[in-house]
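A.B. asks: Chains A and B supply the protein sequences, listed in that same order.
For the first sequence, my numbering assigns the number 436 to the last residue and increments by one with no breaks.
For the second sequence, my numbering assigns the number 657 to the last residue and increments by one with no breaks.
Following this message is one structure expressed as structure tokens.
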Amino acid sequence: MALTDAPKIVTSRLGYEDSHTLERYLATGGYTGLRKALTMTPEAVAAEVDTASLLGRGGAGFPAGRKWSMLRKNPVTYLVINGDESEPATFKDHLLIERDPHQILEGVLISAYALQVTQAFIYLRGEFALGLERLEAALNDAYAHGAVGADIFGSGFSLDVVVHPGAGAYICGEETALLESLEGKRGFPRIKPPFFPALNGLYGEPTVVNNVETMANIPWIINNGGAAFAALGQGRSTGTRLFALAGHVRNPGTYEVEMVKHTFRDLIYAPVLGGGIRGSHTLKAFIPGGVSAPWFGPEHVDLPLGQDEVGQAGSMLGSGSVVVLDSATCVVRAAWRITKFFSRESCGQCTPCREGSGWLERIMHRIENGAGREEDLDLLMDLCDNISPGVSWPPEQTTICVLGPSIPSSIASGIRMFRDEFLVHVKDGGCPFD
Amino acid sequence: MSHLSVDILTRAKALLALYPEPRSALIPLCHLAQEQDGWLRPEAMSEIAELVGVTAAEVQGTATFYDMLHTEPVGTYVVSVCTNIACLLGGAQELLVHAESALGVRAGGTTHDRVFTLEESECLADCDRTPCVQVNHRYVGAQTPESFERLLGDLRSGALSDTVPPHGTLIRVRRKVGLVADRTAVAAERAAMAEAQAARAPASASGGGA
Chain A
3 MALTDAPKIV TSRLGYEDSH TLERYLATGG YTGLRKALTM TPEAVAAEVD
53 TASLLGRGGA GFPAGRKWSM LRKNPVTYLV INGDESEPAT FKDHLLIERD
103 PHQILEGVLI SAYALQVTQA FIYLRGEFAL GLERLEAALN DAYAHGAVGA
153 DIFGSGFSLD VVVHPGAGAY ICGEETALLE SLEGKRGFPR IKPPFFPALN
203 GLYGEPTVVN NVETMANIPW IINNGGAAFA ALGQGRSTGT RLFALAGHVR
253 NPGTYEVEMV KHTFRDLIYA PVLGGGIRGS HTLKAFIPGG VSAPWFGPEH
303 VDLPLGQDEV GQAGSMLGSG SVVVLDSATC VVRAAWRITK FFSRESCGQC
353 TPCREGSGWL ERIMHRIENG AGREEDLDLL MDLCDNISPG VSWPPEQTTI
403 CVLGPSIPSS IASGIRMFRD EFLVHVKDGG CPFD
Chain B
448 MSHLSVDILT RAKALLALYP EPRSALIPLC HLAQEQDGWL RPEAMSEIAE
498 LVGVTAAEVQ GTATFYDMLH TEPVGTYVVS VCTNIACLLG GAQELLVHAE
548 SALGVRAGGT THDRVFTLEE SECLADCDRT PCVQVNHRYV GAQTPESFER
598 LLGDLRSGAL SDTVPPHGTL IRVRRKVGLV ADRTAVAAER AAMAEAQAAR
648 APASASGGGA
């Protein structure tokens with residue numbers, strides 16, 4: 003199957019210069035999904051999403067329909083959209099927010115109708131200044147158009163949507179931390195159980211939290227039917243997915259690709275996608291699903307782009323980010339930088355994460371800068387084991403949220419795949435790539 | 448005597464009205480105060496505390512958790528250079544070193560004339576244009592040491608003032624309407640729908656559920 007055969011579900015308007023305007027949105031079928039949904043019962047709308055078996059596009063990949071069905075028995079009070087995209091090298095939601103904000107709003111409106119919620123909040127990362135302005139402008143236009151507010155399109159259904167800016171904290175992408183932040187507090191993840199905000203969400207009320215890209219899929223599903231969506235992809239991974247490809251490829255960018263039908267090789271090397279490794283270098287490793295994910299080597303490039311396929315191979319599709327490292331990359335430096343990120347962004351509640359990330363960062367820093375010792379490799383793995391016992395995948399957890407067990411991924415991958423490179427740093431007293 | 452201006456206070460009250468609990472407006476109000484002062488002054492935090500019904504210490508304790516809220520003065524332009532993984536692979540470390548020498552400050556520092564604050568930032572989600580730089584949270588595209596010099600010149604001369612407002616101004620588009628769905632009407636409508644839903648339930652038992 004050619005890479006271009008699958009329909010563009012979430013990126014269909016991005017070719018237009020004015021893709022973010024209401025005029026363009028309406029001229030390209032915008033808000034027809036909402037109109038259609040409003041003629042259906044809320045259960046029928048939810049059933050279409052169930053049939054689509056749309057997996058959440060945020061990182062955890064939980065089926066959106068199932069998340070909703072946990073709540074259908076209890077009235078849901080709030081729908082909260084997670085637009086706090088901050089997993090390093092993930093930049094797909096950013097694109098959807100800036101370039102097609104009405105599509106997200108329409109997804110929110112349809113979902114709110116299916117869930118019968120009273121108010122929806124879109125929590126956007128604070129650093130997305132343009133995205134915040136585009137979304138606020140789209141919301142103003144949508145209110146004026148009658149698509150949001152009281153008695154939407156004369157249906158009797160009413161909903162208010164509020165765009166809420168974050169203020170710079172990676173942890174707020176964790177849904178319970180996001181809710182704390184939305185309540186005006188520090189972004190401290192909440193203790194589980196309950197595992198889902200379904201029972202105890204915003205202000206303690208039943209709440210559904212969904213990702214931006216998940217919402218962007220909803221209008222197409224209602225317009226074309228859940229079955230048409232489920233016919234794309236394979237197994238549990240249905241539909242298309244937006245991959246954010248970064249690092250040492252010729253054409254870094256965001257690419258909407260049918261799930262499972264293509265491989266990491268296609269994504270990295272196909273001329274219409276990544277276009278291959280930059281310059282004259284070769285592929286050394288790649289990170290398949292955000293920096294929380296264990297790394298893959300060249301032997302994994304033929305894995306299909308599917309959630310279970312990647313999961314069974316020992317990593318995750320996660321946030322849809324793929325980072326390519328070429329043969330001239332120092333893996334110690336790369337893993338050090340990722341560890342520094344986690345150390346900076348740990349919220350500080352749990353000791354293994356707060357202290358462990360800092361210790362790991364300092365040890366990685368001294369190895370990269372020539373002051374490492376051979377026994378540091380065992381020390382690193384021992385510390386990783388304290389944060390996530392066994393350092394396996396999926397990881398064991400000693401902390402309130404999954405930030406902690408995400409820390410060992412890059413270090414453990416680096417040591418397991420490139421132990422010799424770590425040892426050269428120690429023996430030569432410096433970085434061989436400098 | 449209010450520290451926040453009449454305009455900012457009016458907008459603050461409009462924001463407060465959007466949330467079921469006033470405390471939810473705490474972060475948006477901190478952004479507003481930064482729009483007025485460029486940073487979060489203690490007087491502003493005290494006033495926000497009164498507006499949302501918490502103590503000034505709680506506002507400060509919350510604000511200091513977030514990277515974008517500055518409890519100390521910053522320059523007119525906060526220049527954020529991302530050095531996270533994708534940008535690291537794209538030469539961000541070299542760009543940061545260049546930025547430090549061009550501005551004469553280390554990352555985290557503010558120039559003597561208070562025009563620029565330089566930040567080493569985490570991923571800014573624009574990873575196909577590396578190394579990624581934001582000025583006051585506006586993307587300015589991938590930068591090289593040469594283009595970075597031009598960027599500083601354009602910021603100083605005001606050539607970018609349309610796209611990059613002074614630090615603190617985050618959202619220039621104002622929400623035009625408050626909450627329009629009448630709360631009591633919505634509650635009644637929801638109750639009626641829940642009743643109708645319950646009546647339909649046996650006939651339309653849908654699959655997948657907890």
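We treat Cβ as the ideally placed atom computed from N, Cα and C, and that holds for glycine.
Considering only DSSP beta bridges, list what Pro-306 of chain A is partnered with.
C.D. replies: A:Thr-265
A.B. asks: Starting from His-166 of chain A, follow its DSSP beta bridges and name the residues at the other end.
C.D. replies: A:Tyr-125
A.B. asks: Could you check where the beta strand (DSSP E) with Thr-209 of chain A kicks off and where it finishes?
C.D. replies: 209–213
A.B. asks: How is Tyr-172 of chain A classed by DSSP in three states: helix, strand or coil?
C.D. replies: helix
A.B. asks: According to DSSP, is Leu-465 of chain B helix, strand or coil?
C.D. replies: coil
A.B. asks: How would you call Ile-193 of chain A, buried or exposed, if buried means at least 16 neighbouring beta carbons within 10 angstroms?
C.D. replies: exposed
A.B. asks: Would you say the beta carbon of Phe-288 of chain A is closer than 7 Å to some non-hydrogen atom of the ligand HEM?
C.D. replies: With respect to small molecules bound, the structure shown includes none, and the ligand HEM cannot be examined in it.
A.B. asks: Answer yes if the segment 140–154 of chain A comes into contact with the segment 409–422 of chain A, meaning at least three C-beta pairs across the two stretches below 8 Å, and no otherwise.
C.D. replies: no
A.B. asks: Give me, in chain order, the residues of the same chain whose beta-carbon lies closer than 6 Å to that of Leu-275 of chain A; leave out the 5 immediate sequence neighbours on both sides.
C.D. replies: Tyr-257 and Leu-269
A.B. asks: Closer than 8 Å, Cβ to Cβ, to anything on chain B: give me those residues from the segment 77–96 of chain A, in chain order.
C.D. replies: Listed in chain order, the positions of the segment 77–96 of chain A with a beta carbon within less than 8 Å of a beta carbon of chain B are Pro-77, Glu-87, Ser-88, Glu-89, Pro-90, Ala-91, Thr-92, Phe-93, Asp-95 and His-96.
A.B. asks: Across the segment 158–171 of chain A and the segment 112–126 of chain A, are there enough close Cβ pairs to call them in contact, namely three or more that are closer than 8 Å?
C.D. replies: yes
A.B. asks: On the DSSP bridge list, what partners appear for Phe-435 of chain A?
C.D. replies: None, per the DSSP bridge assignment.
A.B. asks: With a 10 Å radius around its C-beta and 16 neighbouring C-beta atoms as the bar for buried, classify Phe-197 of chain A as buried or exposed.
C.D. replies: exposed
A.B. asks: Please go through the same chain and pick out, in chain order, the residues whose beta-carbon is closer than 6 Å to the beta-carbon of Lys-10 of chain A, but skip the five residues on each side of it.
C.D. replies: Glu-258
A.B. asks: Can you pull the chain A residues whose beta carbon is under 8 Å from the beta carbon of Ser-471 of chain B, in chain order?
C.D. replies: His-166, Leu-184, Glu-185 and Gly-186
A.B. asks: Listing by chain order, which chain B residues have their CB less than 7 Å from the CB of Pro-300 of chain A?
C.D. replies: What Pro-300 of chain A touches in chain B: nothing, since even the nearest Cβ is about 17 Å away.
A.B. asks: Restricting to Cα atoms, I'd like to know which of A:Leu-425, A:Pro-407 and A:Asn-213 is closest to Asp-380 of chain A.
C.D. replies: A:Leu-425
A.B. asks: Based on the DSSP secondary-structure assignment, which residues constitute the bridge partners of Asn-84 of chain A?
C.D. replies: A:Tyr-125 and A:Asn-213
A.B. asks: Would Ala-480 of chain B and Ala-464 of chain B be called neighbours here (beta carbons separated by less than 8 Å)?
C.D. replies: no
A.B. asks: Name, please, each residue of chain B whose Cβ falls closer than 9 Å to the Cβ of Asp-20 of chain A.
C.D. replies: Within 9 Å Cβ-Cβ: nothing; Asp-20 of chain A doesn't reach chain B, min ~16 Å.
A.B. asks: Could you check the C-alpha separation between Leu-107 of chain A and Leu-382 of chain A for me, to the nearest Å?
C.D. replies: 45 Å
A.B. asks: Is there a Cβ of chain B sitting closer than 8 Å to that of His-367 of chain A, yes or no?
C.D. replies: no
A.B. asks: For the pair the segment 306–313 of chain A and the segment 232–246 of chain A, tell me if three or more CB-CB distances fall below 8 Å.
C.D. replies: yes
A.B. asks: Between Glu-363 of chain A and the rest of its own chain, which residues show a CB-CB distance below 6 Å, the 5 nearest in sequence each way excluded?
C.D. replies: Thr-341, Lys-342 and Ser-345
A.B. asks: In chain B, what lies closer than 8 Å to Asp-310 of chain A by C-beta?
C.D. replies: Neighbours of Asp-310 of chain A on chain B: none; closest Cβ ~17 Å, over 8 Å.
A.B. asks: Within 10 angstroms of the Cβ of Gly-58 of chain A, are there 16 or more other Cβ atoms? Answer buried if so, exposed if not.
C.D. replies: buried
A.B. asks: Return the Cβ separation of Ala-337 of chain A and Cys-574 of chain B in integer angstroms, given the expectation that the two are a contact with Cβ distance under 8 Å.
C.D. replies: Not quite, the Cβ-Cβ distance comes to about 18 Å (not below 8 Å), so this is no contact.
A.B. asks: Looking at the C-beta of Gly-197 of chain A, does it have a partner C-beta in chain B at a distance below 8 Å?
C.D. replies: Residue identity check: residue 197 of chain A is Phe in the sequence provided, not Gly. No, because no Cβ of chain B sits closer than 8 Å to the Cβ of Phe-197 of chain A.
A.B. asks: If you run the structure through DSSP and keep just helix, strand and coil, what is Pro-273 of chain A?
C.D. replies: Looking at Pro-273 of chain A - three-state DSSP - the assignment turns out to be coil, as it is neither helix nor strand.
A.B. asks: Please classify Asp-430 of chain A as buried or exposed, where buried requires at least 16 neighbouring CB atoms within 10 angstroms.
C.D. replies: exposed
A.B. asks: According to DSSP, Glu-260 of chain A sits in a beta bridge with which residue or residues?
C.D. replies: A:Thr-242
A.B. asks: What beta strand (DSSP E) runs, 3 residues minimum, are completely inside the segment 508–539 of chain B?
C.D. replies: Runs found: 524–529.
A.B. asks: Where does the unbroken beta strand (DSSP E) through Glu-567 of chain B begin, and where does it stop?
C.D. replies: That run of the beta strand (DSSP E) goes 563–568.
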